[in-house]
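Below is one structure, written out as structure tokens, with a few remarks after it.
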Amino acid sequence: GENVEQHPSTLSVQEGDSAVIKCTYSDSASNYFPWYKQELGKGPQLIIDIRSNVGEKKDQRIAVTLNKTAKHFSLHITETQPEDSAVYFCAASTTVYSGGGADGLTFGKGTHLIIQP
Amino acid sequence: AAGVIQSPRHLIKEKRETATLKCYPIPRHDTVYWYQQGPGQDPQFLISFYEKMQSDKGSIPDRFSAQQFSDYHSELNMSSLELGDSALYFCASSLEGEYTEAFFGQGTRLTVV
């Protein structure tokens, strides 16, 4: 099955600086890579995702890059703000085309992002 | 916008009891996933359903079962509860297609004493 490795487990950055979280995956058939933000006591919130036919995607201060050859993908957050403090999870999945539904997500272990004021 | 609704939000059970968790997906979503998240852990995939049929199975114990009903809501039934079953249980839903985005509910915190 799929195995997702995520680094670092904890990341502390100064407010306004950039943060980068990296993940690798093992199953070359995986083709969908979402990133979730989880605040204490809440469910994971989808913040950005990327598909295997795209190398990079950006949404305001958040960007994700994917290298299918190396089987790794990264989350980049620029101009960090205190409200960015949370646990971030990367995930991978093999989606199935119409008729079968999608496989469950395999998550990384999470990165606790701390934004220092 | 409507989100994934889970009930109850908190549940306390004794060992060997049974528990039923409910999940109401986002309207028009036809796929439901269940995840278990232990303290400080990443969510672990348990099982998923598409159009009321099981579509994928993860690390779900034999003591657990689940189903999806005609209105697409889903229930996770847990029997012979053990202390180790204490965790957050999340339901997520998506609209089946070539690429699916799964949206999570707020979770049910199950405590087994």
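Chains as they are written, first to last, in my numbering: chain A, 1 to 117; chain B, 1001 to 1113.
We treat Cβ as the ideally placed atom computed from N, Cα and C, and that holds for glycine.
From a predicted model like this one, the values you see are computed outputs, not experimental measurements.
The C-alpha of Q1106 of chain B is placed about 8 Å away from the C-alpha of G41 of chain A.
Judged by DSSP secondary structure, P8 of chain A falls outside any beta strand (DSSP E); it is assigned neither H nor E.
Taking C-beta atoms under 8 Å as the contact rule, Y1024 of chain B and I1005 of chain B qualify, at a distance of about 4 Å.
When C-beta distances to chain A are compared with 7 Å, the residues of the region 1052-1086 of chain B below that value are S1055, D1056 and G1058, in chain order. For L1021 of chain B, same chain residues with a beta-carbon under 6 Å away, outside a window of 5 residues either side, are L1076, Y1089 and T1108 in chain order.
Going by DSSP, A19 of chain A is part of the beta strand (DSSP E) stretching over A19 to Y25.
Within the region 2-14 of chain A, V4 and Q6 place their CB atoms closer than 9 Å to a CB of chain B, listed in sequence order. For the set B:Q1036, B:Q1067, B:A1066 and B:E1051, the Cα lying nearest the Cα of G1084 of chain B is the one of B:Q1036. Taking 7 Å as the Cβ-Cβ cut-off, the region 47-58 of chain A approaches chain B at D49 and R51, given in chain order.
The beta carbon of K22 of chain A does not come within 9 Å of any beta carbon belonging to chain B, so the residue lies off that interface. Within chain B, D1042 and P1043 have C-beta atoms less than 8 Å from the C-beta of F89 of chain A, given in sequence order. The bridge partners DSSP lists for Y1072 of chain B come to none. Of the other Cβ atoms in all chains shown, 16 or more fall within 10 Å of the Cβ of H1029 of chain B; this residue is therefore buried. Under the three-state reduction of DSSP, D1042 of chain B is assigned to coil, being neither helix nor strand. Annotated as proximal: V87 of chain A and K37 of chain A, with beta-carbon spacing under 9 Å. Annotated as proximal: F1045 of chain B and D1056 of chain B, with beta-carbon spacing under 9 Å. Flagged as an interface residue toward chain A: G1107 of chain B, by a C-beta distance shorter than 9 Å.
Per DSSP, the unbroken beta strand (DSSP E) holding N67 of chain A starts and ends at I62 to N67.
Annotated three-state conformation of P82 of chain A is helix, per DSSP.
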